[in-house]
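What follows is a set of notes on a single structure, which appears directly below.
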Ligand SMILES: Cc1ncc(C[n+]2csc(CCOP(=O)(O)OP(=O)(O)O)c2C)c(N)n1
Ligand SMILES: Cc1ncc(C[n+]2csc(CCOP(=O)(O)OP(=O)(O)O)c2C)c(N)n1
Ligand code: SF4
Ligand code: SF4
Ligand SMILES: [Mg+2]
Ligand SMILES: [Mg+2]
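Protein chains in written order, with our numbering: chain S, 10 to 634; chain X, 10 to 634; chain V, 15 to 354; chain Z, 15 to 354.
Written out as structure tokens, the structure reads:
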């Protein structure tokens, strides 16, 4: 239950529930896929965010569209971590769990902290549902939940009762039970109802009965907490000291889409997004398809290869050209990415990584495409690669990837992952002034134009069809330096290989020096990249709070790597590289900097828990300090 | 001119040309694409091989099917190195050059050793041809060839003259001029005419006039040497001490094809070869298409993806399943290779590497697909990778790749390259007794069968459709240990990732310990892999002959690497990794063994020259010893 | 067709069910296709051990998990290529491909085309729900123009392809169509596909209850479907309507719907599934609702040698002519020389 | 169609030649196609600066190097996809795709299909030499069955596809065919393709002198070609033969060759390139030598909105309705809250 900071019983009041103040709490809503848990979770998130907490979430739903009702395979969960301080993860284990049926209980109770609050929909603990959840005995009766504060509430019955007045049929009425459960949670964590009420009114404005029913359910749940004697404790998590500004909540994929639109707007060019649907990247496609008032040209291609190729064509013709995909699709794009490298056209390839190999665990997260991003093409085929570290960071990463692509005339790979792409967090809406400059300068002078000359960055000119007098032809065969003609001259090949490598190396001028969290040197440095930022940083913070001498660096740039990285690595006795793969960054760091490393790997389709990292820190530092 | 070992003037003979004995000589035939240089070169090779020399060759022809006649782009060359000792490369520079036209001269004369023999077809040094070759002045007249022993012979005229008796028209008659040139070379290097005469008779048995003309031209060329006073020196290269046996000459691609047929025969299973044509791998497809008396099922697929997928299907159904391609095709196959890894089906993927990135230099050689072979797929997707070191070694490598695939139930990548695949060398035809055992054991017992159990090697059972009672389903989603059912359980994913990795690591039991050429430790170790063996080994040999303390290891296995490799690397002060890329093996060695390395890289579409490696050795050892 | 293991045993549909929980949504048309195919295989007493189901990726592509045969749930779009490998490796096997409109016609369109033109002996069942189900509702290559989906909020700007027409463009030797809910006709079509030598292509109009529930209402609604569909019968005129009161007539180069009352039955288009020219079937494939009733049943069924037959035929012929291959002969082919 | 830069200047074919040496073999049909296209573009005074040629890989795909326009010599099979990107990024450009039978129909078959069905405004010229030229002579998807090549020494076991039929299967809005040596007809067809809005597909029978020199002798031999080809003219009956003495008649569901002397011209099949139903053109595409004369000219030419037009149309409509997009509005869409 986070750090319990204070306990106070308001003076001069009937001995109601105790209110415990927390700096941070994590709750999880779990139920059947059809139970509306994702929706309830989003509402809790929004309410907490508007309330002023820092929040981080983790939605986790089944691979099947509609897994059979009541089964373990069909359980859908949504976890929210909210705090009065800055947080980076949705939390390892939860302080409160809502389980809408036996399957949800079984699948999730292991993550509930001892002594945590467990809200159960007792109506659903029927013989049939228990069997589907593979319970031999009813856990409500065996005593196995005694470690928790378990509250058995007939949520379905109570909901039906509450919404009677609306005249809704029992099926529709029962659908409101997620709002009842949410109401209970709101009471427990002392959250205001306004935001959700407003949302309900807006969403169901055309079906007032449904709006009313959901409102009534929500209020009934809240009232249940208020009136029942069941609960002996309530929790309060104060607003956090966040950076002032206007916030909204968005997923990493939404943020990436916003970042792309923003980049194209700043560059004053149309955005071309060519993509083929694939979990967990499709949301970017969906988001951009909605942006029709901007000049956003969305091409749903026949496959990933076509998407990448169309991007090359669009880049040649002067658009800000981007494709998005996930692991298997990335593999398919590689040959065409090679063409983008050879033709030196600016484009961005987003890979929202998922569990592999092959189809793997398509709805789960992983960081196992680092090698294929940097090294996975035929020939010497270098390109810049960077990774986003959190949902809102996807906005900035997409913007930066685009800026670099345009500045250096190169394809750029942006790595995201299922956890970052589908997770959500508050995003501080940037001032226009904070946005970087992106200037596009097309070649225009026929007198001086040659397609493969280079500017100070090593970039060749961007000469788009339609420009008078700049007719030229590019392609995948090796090009002659300067003229770009097809060229088989041996020395030219070496030269062009070097020039292309140098250009990517030049991106170092746009890679900020690596900052170190903690001491500049010492016994142990944690190294991470991408979506594991939150867990690793939190582990580092906690370890330091606990007096351990641990530092942390988180890489945004994987290729090229920050200039000072080698020096930093060499200042530590031990390097712990934490990644959701079997050591991909590790190989690169060892190979580039000849530093010994050890790795913390996890291949479970799930992000790190802070505790896992802390355990490893303890191990390496010889027990807790 | 190799090492001139002796010079003798036969006693009591009219002062004819001096005969110089050499331990090794290199010649190059160069002409227009239509001049039949590849053919003449092959004949010289065969004759020298049958004569008993060790030989190595390097064909080099234009990317265009028919580049315009007489141009530089149209020059086709064939280089033969032959020796009375063991040799590993076609030679850096040549002792003799035949140039059939000005373009051939211009493109090749730079590689002729000073004082080397230059045979020129003076008939072709017309104004038009000089212009096409971009000669301002006629080099036969400027004196610029004075560094060589240049012999201007009107080869076209002489050929027409020689074949007059056959009644062939002038066009057909002139076609024989490659045999005239070959005759001159045969005289110069004292080669017997029998083998080529026999070949001509066989080849043109149905057109006796052509056969006669070619014979006459060959003999006329030889006689020209005998009778003219032009040549003052002749060369003799004695037979080498080769391992006893029956030999034939073959290219690396032919050898690979033979190796695959052999593997399938030994395994007593049909061979399925699915491929899409691509330079320089197509020859494997062509060769296997000819093997119709064996059970060799060749599928020319619509693309590389289909080829790889058909291979997966064929492997599932119990064939020895193989695909072959080159760089861009390899990139396309990666997603499907991931499926082969996940389904743990045995198959071999041959990548005959060529110049990249993208289409690159398609007819040229390179070693730049090592990364994509080992690391270029989505997810953690390990598989064994090995590389052939010479044309004839492709036979053994293909055999070994197949054996490992079947033993460990895994896809295996065999790396070859354009140089190895298209180059030829003598192949000692193996005794059947020398061939490895390959036993295929299909699962058959329904009582004990589970698709994802493992044997001592970590391999799962091969249960082919048609087997009574072993019905099971495989696929690209993560599988449950033992049962192979689809499984999203987090811990299972980690376990399967580990099991797959362990299986590939187990291949170490079939990887022989690395042998070191030279001393076991010391100031400098050369490290190479794949087709650069010959040049690097020759450089090491020469350096050692010259008293330098240099050792050499050549890696056949790139994944896993030999058990003792790390120890070996650590016993040397300096490691020079020689590869036709920008440091791909280097990164892996550094990353795995934390050893500092320096690299010798060459990206020119051409193999290393021995001298380039020796120069680097000198540099690292601080000058020649 | 492979023989059952023990011909005295008669299989039941249950024999073709696996122990895996079927995970499609309630109301999904995939359930029906699964059940009908299990019935058809059982009725024919097919040897489960010599049957392979290969699929790609999509909701429909989970099919192999539910068939008690051999099977591969492969990668997106590649099932026909994988199945080609299976069939070439062992032509004795019955090989079925199960694919979706996205899997088979979007990413997998090329393998579909080439498998068909080679006439590989596969049965390809395309579950056409006109949507990407598994990825949660983007438009597919068969989606109606203008459809609003997650990736086409303003309406799709792609024109749809018509799978049977595409297959005929590649000169498929067997093409048929059925609707998921019309179980009897579906069974007939699956049976016919099962019996065909060479590539048998079956398009099934399949309901995606979650993302495209209305797509085939016109073809499934009890009250109106008979006015919207025409059942093809070889050698018979094209007649349809609730009371079989309408027919299809050739008018010049075009087809038209006529009232039987007003024309002689001799004027109606006669279906000929066996005509070598695919143009007849192609014309039928151009009949689209609502202008025309859509043809159901077998569009085309012609014979020509299969790919695997020709492949193995060449090997047999070579062995016949030159004797079986021997390694030592292969090794010593061409010029050899001896070193002592 | 884009306007010439300076309308007072009249372009000549030379204006469309680059300084690159043309590297096709002597006798290769590619030369002729290049020259004819340069003539056609010059005659129409096309703006070279607003023209893009995109090709894949193959002998034919070297084409862009020889065209004094913008160009991309891309990767194998992907030209239509790349060209789609070019056209969507700037619909003002004239975008041509040059591809081979291997490039366009083997590895690239799927992009071909989807580009066509979307009706992207591209002109696709397929150089069909029925062989893989650049890789030195393997059979291609259009090679005759039984052809002996490097990869089919015992004869190819693949049945060929017919490109026009495949294109019609995907409902191409413009399809035409020409022979490389018939320069006049080739020019006409290229001109018509140039003028078409939407995907214009042209198949050119192209001689590969080195690896498949006999493939089209029947269509090019001066003495016999007129007996083997029939030139399509909109609204005209199909008449052919050296003396225009033969015609094509519809007989029931099939076509047949008839002697004009023996039938009335009214009985002949009338060509209608504009009929919306692709079945008419498809039937023509099934006329194969030697049973039939092969149709040359325009099989089909119909209008429907292009992909890029619909794409930009939706953007314009949205902007019309809601005003142009503003970043700050986009940023603050949905629930926001303030932290002070
Ligand atoms: C290479 C690759 N690209 C994309 C995907 C994502 N994907 C999975 S299924 C699917 C489409 C499913 O549609 P369809 O084939 O019509 O099957 P349905 O689910 O409708 O039955 C897509 C795009 C993938 N798995 N692999
Ligand atoms: C991915 C990939 N696969 C294969 C090749 C090799 N390749 C180059 S051109 C070609 C086929 C050429 O045939 P076609 O398209 O008919 O063109 P043509 O040379 O006959 O004009 C092939 C297979 C390649 N370059 N890239
Ligand atoms: S999403 Fe559609 S196609 Fe997929 S299982 Fe559900 S109803 Fe069937
Ligand atoms: S190989 Fe054939 S297609 Fe290629 S350039 Fe030569 S003649 Fe033309
Ligand atoms: Mg579908
Ligand atoms: Mg071709």
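Even for Gly, the Cβ is constructed at its ideal location relative to N, Cα and C.
Relative to the C-alpha of residue i, which candidate in the options has its C-alpha closest?
i             : options                       : result
residue 132/X : 79/X, 123/X, 95/X and 426/X   : 79/X
residue 276/V : 263/V, 82/V and 336/V         : 263/V
residue 228/X : 481/X, 404/X, 402/X and 186/X : 186/X
residue 379/X : 550/X, 365/X and 371/X        : 365/X
residue 329/X : 451/X, 32/X and 507/X         : 451/X
residue 566/X : 216/X, 406/X and 541/X        : 406/X
Taking Cβ positions only, does residue i come closer than 9 Å to chain V?
i            : result
residue 67/X : no
Measuring only the C-alpha atoms, how far is residue i from residue j?
i             : j             : result
residue 430/X : residue 152/Z : 18 Å
residue 44/V  : residue 68/X  : 58 Å
residue 27/V  : residue 46/V  : 13 Å
residue 279/X : residue 352/X : 20 Å
residue 184/Z : residue 547/X : 59 Å
residue 164/Z : residue 294/X : 9 Å
residue 335/X : residue 51/Z  : 34 Å
residue 342/Z : residue 273/S : 14 Å
residue 1/X   : residue 332/S : Residue coverage of chain X in this structure runs from 10 to 634, which leaves residue 1/X outside it and unanswerable.
residue 354/X : residue 461/X : 11 Å
residue 54/X  : residue 353/V : 16 Å
residue 410/S : residue 382/S : 14 Å
Does any CB atom of chain S fall closer than 9 Å to the CB of residue i?
i             : result
residue 339/X : yes
residue 85/Z  : yes
Quick check: is any heavy atom of ligand 8 less than 8 Å from the C-beta of residue i?
i            : result
residue 94/Z : Absent from the structure shown: ligand 8. Ligands present: ligand 1, ligand 2, ligand 3, ligand 4, ligand 5 and ligand 6.
Using DSSP's beta-bridge definition, name the partner residues of residue i.
i             : result
residue 98/S  : Paired residues: none, contrary to the question.
residue 40/S  : 85/S
residue 581/S : 531/S
Need the endpoints of the alpha helix (DSSP H) that residue i sits in, please.
i             : result
residue 177/Z : 177-183
Counting only beta-carbon separations shorter than 9 Å, does residue i have a partner in chain Z?
i             : result
residue 328/S : yes
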